[in-house]
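As they're listed, the protein sequences go chains A and B.
Numbered by UniProt numbering, the letters in the first sequence go through residues 1 to 299 in order.
Numbered by UniProt numbering, the letters in the second sequence go through residues 1 to 299 in order.
Note that CB positions come from ideal geometry on N, CA and C, so glycine has one too.
None of the values given here were measured: they were computed from a predicted structure.
Written below as structure tokens is the structure these notes are about.
2 protein chains.
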Amino acid sequence: MNKWVRRCNTGNAEGRQAAGLLPFTVDAVVAGYCRSDFARRLERFDECFEVSASGVTLAERLRRPKERTEAVSRVLAALREEGTITGWRDELYPVTSSFYQEPFFLMERAACPFFGLKAYGVHVCAYVEHGDGSKSMWVARRSKTKATSPSKLDHLVAGGQPHGLYLLENVIKECEEEANVPKDLAETARPAGAVSYEFLVEEGDVNWGGARGLKRDVLFCYDLKLPASFTPSNNDGEVEEFMLWPVERVMATVLETDEFKQNCNLVILDFLVRHGYITPDNCPEYLSLVAGLRTAECS
Amino acid sequence: MNKWVRRCNTGNAEGRQAAGLLPFTVDAVVAGYCRSDFARRLERFDECFEVSASGVTLAERLRRPKERTEAVSRVLAALREEGTITGWRDELYPVTSSFYQEPFFLMERAACPFFGLKAYGVHVCAYVEHGDGSKSMWVARRSKTKATSPSKLDHLVAGGQPHGLYLLENVIKECEEEANVPKDLAETARPAGAVSYEFLVEEGDVNWGGARGLKRDVLFCYDLKLPASFTPSNNDGEVEEFMLWPVERVMATVLETDEFKQNCNLVILDFLVRHGYITPDNCPEYLSLVAGLRTAECS
Chain A
1 MNKWVRRCNT GNAEGRQAAG LLPFTVDAVV AGYCRSDFAR RLERFDECFE
51 VSASGVTLAE RLRRPKERTE AVSRVLAALR EEGTITGWRD ELYPVTSSFY
101 QEPFFLMERA ACPFFGLKAY GVHVCAYVEH GDGSKSMWVA RRSKTKATSP
151 SKLDHLVAGG QPHGLYLLEN VIKECEEEAN VPKDLAETAR PAGAVSYEFL
201 VEEGDVNWGG ARGLKRDVLF CYDLKLPASF TPSNNDGEVE EFMLWPVERV
251 MATVLETDEF KQNCNLVILD FLVRHGYITP DNCPEYLSLV AGLRTAECS
Chain B
1 MNKWVRRCNT GNAEGRQAAG LLPFTVDAVV AGYCRSDFAR RLERFDECFE
51 VSASGVTLAE RLRRPKERTE AVSRVLAALR EEGTITGWRD ELYPVTSSFY
101 QEPFFLMERA ACPFFGLKAY GVHVCAYVEH GDGSKSMWVA RRSKTKATSP
151 SKLDHLVAGG QPHGLYLLEN VIKECEEEAN VPKDLAETAR PAGAVSYEFL
201 VEEGDVNWGG ARGLKRDVLF CYDLKLPASF TPSNNDGEVE EFMLWPVERV
251 MATVLETDEF KQNCNLVILD FLVRHGYITP DNCPEYLSLV AGLRTAECS
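Dropping the structure here:
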């Protein structure tokens, strides 16, 4: 059961050191971690980054968030031009040491893994409760053309958290985009905690779209109880099909297969713990699982 | 909001060192921590304990769990005789490094805080769901004659986990003893996770019945949904009254007062997170709270 905790946490302090990752520092705070080959590519942009053997630092002369965002964005545009950064999203993520802090500045989403920034997302497990108390969960099959984890299983909705939106606003937006859930239903989604992990992305890992670096994620978990009469549908082409599975089948799929997108397993395990499907009497990994779901820096 | 996380976690590595606590070791594994004055009281029982400036070790010649239990029990009886250990319970707790390991041996419950052993408990939040989706929680007022936390508020049921019972069996037993919940209702209690903390007990702290030492607890959290028609009642004299409060009132009481028994605040905060009463959009302490509820060794 803890295999997903282990697989999603290859990037602890030891793993980072073994992979030769260098701290990326802003205002003397470690905001992320860079691979040394990427750090070398930043060397020539010395108006923006100070690169040494011990790490990468945002140039001290850049003080205000806006000038930092602009200066870094010029560097990233050049790195995109030369093909180093791919999968451009035109979406700005905060560079921060903690979700509730004012961000140091903003950075294009596609560049975040190269800097090993902590990223935040909303993940929604949607379920139907039957008359006898049993539950089913909506499972999505990702499109085979998705850049990350093509054809893998997913829960109903997941999305990165951009700067400047409330989490629930993002839940409502993603529910609409990905599953055609109307606003009045989506806004009943209930926040239920968070999972955190830290993952070393190896070269050529198709699950992460080919980006290399360190993924440090905190996912806010939401439960959405849907009426039996509602059926999700997709219009942006990112989902191949939606299936309503008994929670027991979802659980068996998580425990016995690699069918779900890697980090979704953690979100579903958290759901299974909170809803009593995994019990402390039957599972000798219970406490290490419960603790493991928040293994990485959860801030 | 994090005040309860802080207050229940005064016993981390730093706190232990500052308090001069010595590791208590069995089979080369740290099983607990003793105060140095208590360690000195163990010195004269050198057939059972090896005491040095660096710690207390169970005598190596004691190998089998049964002989360990018996030898330690003879020492504890002498310490009880001289008044060092009070509040005898006649209940055996496992001495272990992890809940799912075979225990090294068993020890009288009243002695556990003196050895700073990790202890386990079941805590049940019982709630009623109303037609409009709102919820109320059953709150108990502890008897003023209780040794620990007299007159404080409690959730429906809480109990230490003795050796040799399944957790759900213990939930059913405690529900019956403390609140007259019939078995067929009690067994619908749903495991929903765990909280862990580590707490330095100061001399004369009435909340812990006068025991001094280190409390390291892992509490298994259960949710029990009760029908509106059911009213709990107490027959062992440990509860003064039961009250059904809107969850919002429970939340305000946790956040603004010291009315609840100290560790119950953590269990209720976990309930409030899982049920969406505390939200990540409204609470800048959300992630540190979520992580903080499992701050201490959760194993």
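Could you please give the first and the last residue of the uninterrupted alpha helix (DSSP H) stretch that includes residue i?
| i | result |
| --- | --- |
| B/SER288 | 286–292 |
| B/LEU165 | Counting along the chain, B/LEU165 falls outside any alpha helix (DSSP H), and DSSP gives it neither H nor E. |
| B/SER73 | 65–81 |
| A/TRP88 | Here A/TRP88 belongs to no alpha helix (DSSP H), and DSSP marks it neither H nor E. |
| B/CYS264 | 262–274 |
Please report how far the alpha carbon of residue i lies from the alpha carbon of residue j, in whole angstroms.
| i | j | result |
| --- | --- | --- |
| B/GLU187 | B/SER196 | 24 Å |
| A/CYS175 | A/GLY116 | 28 Å |
| A/LEU266 | A/TRP4 | 7 Å |
| A/VAL171 | A/GLU43 | 39 Å |
| B/GLU177 | B/ARG190 | 19 Å |
| A/ARG7 | B/VAL51 | 42 Å |
| A/VAL122 | A/GLY160 | 6 Å |
| B/LEU224 | A/ARG68 | 51 Å |
| B/THR57 | B/MET107 | 15 Å |
| B/GLU169 | A/TYR222 | 31 Å |
| A/ALA18 | A/ASN282 | 36 Å |
| A/ARG216 | B/SER73 | 49 Å |
| B/ILE278 | A/ALA252 | 31 Å |
| B/GLY276 | A/ALA77 | 41 Å |
| A/ALA119 | A/ASN9 | 15 Å |
Among the options, which one has its Cα closest to the Cα of residue i?
| i | options | result |
| --- | --- | --- |
| A/THR96 | A/PHE104, A/ASP90, A/ARG89 | A/PHE104 |
| B/ALA13 | B/ALA228, B/LEU200, B/LEU106 | B/LEU200 |
| B/SER36 | B/VAL30, B/CYS48, B/ALA53, B/ARG6 | B/ALA53 |
| B/LEU272 | B/SER134, B/ASN9, B/LYS66 | B/SER134 |
| A/SER229 | A/PRO162, A/LYS173, A/LEU185, A/PRO150 | A/LEU185 |
| A/GLY87 | A/THR148, A/GLU102, A/PRO94, A/PRO65 | A/THR148 |
| B/SER98 | B/ARG89, B/VAL30, B/ALA110 | B/VAL30 |
| B/GLY164 | B/ASN234, B/GLU91, B/SER151 | B/GLU91 |
| B/LYS146 | B/ALA119, B/LEU226, B/LYS261 | B/LYS261 |
| A/ALA59 | A/GLU82, A/ALA28, A/LEU79 | A/ALA28 |
| B/ALA111 | B/ASP132, B/LEU79, B/TYR100, B/TYR120 | B/LEU79 |
Verify whether the separation of the beta carbon atoms of residue i and residue j is less than 7 Å.
| i | j | result |
| --- | --- | --- |
| B/VAL124 | B/VAL157 | yes |
| A/ASP270 | A/LEU293 | yes |
| residue 330 of chain A | A/PRO113 | No answer is possible for residue 330 of chain A: it lies beyond the span of chain A, which begins at 1 and ends at 299. |
| B/ALA179 | B/PHE220 | no |
| A/GLU240 | A/LEU153 | no |
| A/ALA296 | A/GLU198 | yes |
| A/PHE45 | A/VAL75 | yes |
| B/PHE38 | B/ALA140 | no |
| B/ASN2 | B/GLU285 | yes |
| B/ARG89 | B/ARG64 | no |
| B/ARG274 | A/ARG249 | no |
| residue 307 of chain A | A/PRO232 | This structure cannot settle anything about residue 307 of chain A, because the visible part of chain A is limited to 1 through 299. |
| A/PRO280 | B/LEU167 | yes |
I'd like the list of long-range same chain contacts for residue i, defined as Cβ closer than 8 Å, with 5 residues on each side in sequence excluded.
| i | result |
| --- | --- |
| A/SER136 | TYR127, VAL128, HIS130, LEU244, TRP245, PRO246, VAL247 |
Quick one: residues in its chain with C-beta nearer than 7 Å to the C-beta of residue i, no 5 flanking neighbours on either side, listed in chain order?
| i | result |
| --- | --- |
| A/THR84 | ARG41 |
| B/CYS298 | ALA194, SER196, VAL218 |
| A/TYR33 | ARG16, LEU21, LEU22, PRO23, PHE24, GLY116, LEU214 |
| A/GLY237 | SER143 |
| A/PRO94 | PRO103, LEU106, HIS163 |
| A/VAL181 | CYS175, PRO232 |
Can you list, in chain order, the residues of its chain whose CB lies under 6 Å from that of residue i, leaving out five sequence neighbours each side?
| i | result |
| --- | --- |
| A/ALA71 | CYS48, LEU62 |
| B/PRO162 | GLU91 |
Measure from the C-beta of residue i to each C-beta in chain C and report whether the shortest distance is under 7 Å.
| i | result |
| --- | --- |
| B/VAL273 | The structure shown contains no chain C; its protein chains are A and B. |
Between which two residues does the beta strand (DSSP E) holding residue i run?
| i | result |
| --- | --- |
| A/LEU220 | Residue identity check: residue 220 of chain A is Phe in the sequence provided, not Leu. 213–225 is the span of the beta strand (DSSP E), which, as asked, contains A/PHE220. |
| A/LYS135 | 135–142 |
| A/MET243 | 239–246 |
| A/GLY15 | Counting along the chain, A/GLY15 falls outside any beta strand (DSSP E), though it belongs to the alpha helix (DSSP H) covering 13–18. |
| B/LEU92 | 92–95 |
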